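Here the structure comes first, spelled out in structure tokens, and everything after it is commentary.
Numbering (the working numbering), first residue to last: 1499 to 1796.
Structure follows, in structure tokens:
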């Protein structure tokens, strides 16, 4: 296939090249939870090593961070009331040029999300993801970031706390309906340039489902794991959604030991056991869990 360069007159940004990475993806910028109980979720995140570092200027939104991992807790209700049970409501993807990535996603069939920007807020383009979730495109993630505009630093707090045991974003797990693997594989392949891994290539301790690899550079590459319900579970469309965050670690056992000292409990059952390959935290607040996956980048 011949690569075609998209040129935007008058821009000094790096051009996005059609091909293996059509939207110019460069990794995950943040994962967002929506909840009516932000303090309870905040306690969970702090147990996992995150620190609250900034507050949104006009909404009930907090930014938690450790190392290069950003998690946003959104308690700002818009229309319908939020659930007490936290839900992963969005993921933001780093791109070379947000406007171009958004336009290319629409051209490839994505549904855009109308934005309602208030004073002193950035217009961050987004498309619809699974369920009611959104996929944002962010190009301000280097010297000047989106948080410099939309958030106010919490006084006296280190804005860049180190990651616990070198943790970093590895990926995200998405639960899907019965016989929906091909549909969602096509969604991520056509819109974002993801590719499915061979069935024998697995990570961690939970080998279920299909793993899709992002087209990002190796240093920021991440994965989406699609998991269908067990054969005995009824297909409920509303159950489709982003389920948990995967965090990479170069030494899973050392990371588990450090998190255990902080009060994190891990699943131990006949089918799920902590090992050098990975570990799964127990579930908090009825919906929040984290998967630790062996990944040499750490």
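All residues carry an ideal CB built from backbone N, CA and C; glycine is no exception. Model, not experiment: these values are computed from the prediction.
Legend entry - For residue 1530 and residue 1669, the rounded distance between their alpha carbons: The residue you call residue 1669 lines up with position 171 of the chain shown. The residue you call residue 1530 lines up with position 32 of the chain shown. The straight-line gap from Cα to Cα measures roughly 14 angstroms.
Inset, instruction - Go ahead and pull the three-state DSSP assignment for residue 1609. - result: Working through the chain shown from its first residue, we reach residue 1609 at position 111. The answer is coil: DSSP assigns residue 1609 none of H, G, I, E or B.
Legend entry - Where the alpha helix (DSSP H) through residue 1685 begins and ends: Here residue 1685 refers to the residue found at position 187 of the chain shown. Residues 1679-1690.
Inset, instruction - Would you mind sorting residue 1564 into buried or exposed? The rule is 16 or more other CB atoms within 10 Å of its CB. - result: As a first step, residue 1564 is located in the chain shown; it is residue number 66 there, counting from the start. Residue 1564 is buried by the Cβ-count criterion.
Legend entry - C-alpha gap between residue 1653 and residue 1558, whole angstroms: In the chain shown, counting from the first residue as 1, residue 1653 sits at position 155. In the chain shown, counting from the first residue as 1, residue 1558 sits at position 60. One C-alpha to the other measures close to 17 angstroms.
Legend entry - residue 1725 vs residue 1710 beta-carbon contact at 8 angstroms: On the chain shown, position 227 is the one that residue 1725 refers to. On the chain shown, position 212 is the one that residue 1710 refers to. Result no, Cβ atoms of residue 1725 and residue 1710 do not sit closer than 8 angstroms.
Legend entry - From 1579, 1523, 1528, residue whose alpha carbon lies closest to that of residue 1548: Working through the chain shown from its first residue, we reach residue 1548 at position 50. Closest option to residue 1548, Cα to Cα, is 1528.
Inset, instruction - Give the DSSP-derived three-state secondary structure of residue 1571 in the structure shown. - result: Indexing the chain shown from 1 puts residue 1571 at position 73. Reduced to three states, the DSSP call for residue 1571 is strand.
Legend entry - Burial state of residue 1500, where buried means 16 or more other Cβ atoms lie within 10 Å: For this step, residue 1500 is matched to residue 2 along the chain shown. Because residue 1500 sits at a pLDDT of 27, beneath the cut-off of 50, its placement in the model cannot be relied upon, and the following sentence gives the value as read from the coordinates. Classification of residue 1500: exposed, given that the 10 Å Cβ count is below 16.
Inset, instruction - Could you pull out every residue in the same chain whose Cβ sits closer than 6 angstroms to the Cβ of residue 1793, ignoring the five residues on either side in sequence? - result: Position 295 of the chain shown, counting from 1, holds the residue named residue 1793. If you ignore the 5 residues before and after residue 1793, its C-beta comes within less than 6 angstroms of the C-beta of 1668, 1746, all in its own chain and listed in chain order.
Inset, instruction - Quick one: give me the first and last residue of the alpha helix (DSSP H) that residue 1551 is part of. - result: The residue you call residue 1551 lines up with position 53 of the chain shown. Per DSSP, residue 1551 belongs to no alpha helix (DSSP H); it is in the beta strand (DSSP E), 1549-1554.
Legend entry - Residue of 1683, 1699, 1700 minimising C-alpha distance to residue 1692: Position 194 of the chain shown holds residue 1692. Nearest of 1683, 1699, 1700 to residue 1692, Cα basis: 1683.
Inset, instruction - Just tell me which of 1639, 1608, 1534, 1599 has its CA closest to the CA of residue 1578. - result: Stepping through the chain shown from its first residue, residue 1578 is reached at position 80. Residue 1578 has its Cα closest to that of 1534, out of 1639, 1608, 1534, 1599.
Legend entry - Reduced DSSP secondary structure (H/G/I, E/B, other) of residue 1791: Counting from 1 along the chain shown, the entry for residue 1791 is found at position 293. Three-state DSSP puts residue 1791 in a strand.
Inset, instruction - Could you pull out every unbroken beta strand (DSSP E) segment of at least 3 residues lying fully inside the region 1650-1681, listed in chain order? - result: 1666-1673
Inset, instruction - Within its chain, find whatever has a CB closer than 8 angstroms to the CB of residue 1628; leave out the 5 residues flanking it on each side and keep chain order. - result: For this step, residue 1628 is matched to residue 130 along the chain shown. Result list for residue 1628: 1672, 1674, 1682, 1738, 1739, 1740, in chain order.
Legend entry - Chain-order list of residues whose beta-carbon lies under 7 angstroms from that of residue 1637 (same chain, five-residue window excluded): Translated into the one-based positions of the chain shown, residue 1637 becomes position 139. The residues are 1593, 1594, 1595, 1596.
Inset, instruction - Just tell me which of 1714, 1752, 1742 has its CA closest to the CA of residue 1520. - result: For the purposes of this step, residue 1520 is taken as the residue at position 22 of the chain shown. The shortest C-alpha separation from residue 1520 is found at 1714.
Legend entry - residue 1534: first and last residue of the uninterrupted beta strand (DSSP E) it sits in: The residue given as residue 1534 occupies position 36 in the chain shown. Counting along the chain, residue 1534 falls outside any beta strand (DSSP E), and DSSP gives it neither H nor E.
Legend entry - N- and C-terminal bounds of the alpha helix (DSSP H) containing residue 1757: Within the chain shown, numbered from 1, the residue matching residue 1757 stands at position 259. Here the alpha helix (DSSP H) through residue 1757 covers 1750-1759.
Legend entry - Extent of the continuous alpha helix (DSSP H) run through residue 1628: Residue 1628 sits at position 130 when you count from the first residue of the chain shown. From DSSP, residue 1628 is part of no alpha helix (DSSP H); its letter is neither H nor E.
Legend entry - Assigned secondary structure, residue 1563 (DSSP; H/G/I helix, E/B strand, else coil): Sequence index remark: in the chain shown, residue 1563 carries index 65 (1-based). The answer is strand: DSSP assigns residue 1563 an E or B state.
Legend entry - Sequence-distant residues of its chain with Cβ nearer than 6 angstroms to residue 1790 (five each side left out): As a first step, residue 1790 must be located in the chain shown, where it is residue number 292. Excluding sequence neighbours, residue 1790 sits near 1745, 1747, 1750, 1753, 1776, 1777.
Inset, instruction - Please say whether residue 1795 and residue 1666 have beta carbons closer to each other than 8 angstroms? - result: Along the chain shown, read from residue 1 onward, the residue named residue 1666 stands at position 168. Along the chain shown, read from residue 1 onward, the residue named residue 1795 stands at position 297. Yes, Cβ-Cβ distance for residue 1666 and residue 1795 is below 8 angstroms.
Inset, instruction - Reducing DSSP to helix, strand and coil, say where residue 1739 ends up. - result: For the purposes of this step, residue 1739 is taken as residue 241 along the chain shown, with counting starting at 1. Note: residue 1739 maps to strand in three-state DSSP.
Inset, instruction - In the DSSP assignment, find the alpha helix (DSSP H) that holds residue 1647 and state where it starts and stops. - result: Within the chain shown, residue 1647 is the residue found at index 149, counting from 1. Segment 1645-1648, the alpha helix (DSSP H) holding residue 1647.
Legend entry - Residues of its chain near residue 1617, where Cβ-Cβ distance is below 8 angstroms and the 5 sequence neighbours each way are ignored: Residue 1617 sits at position 119 when you count from the first residue of the chain shown. Here the model assigns residue 1617 a pLDDT of 42, short of 50, so the residue's position is not dependable and the matter cannot be decided.
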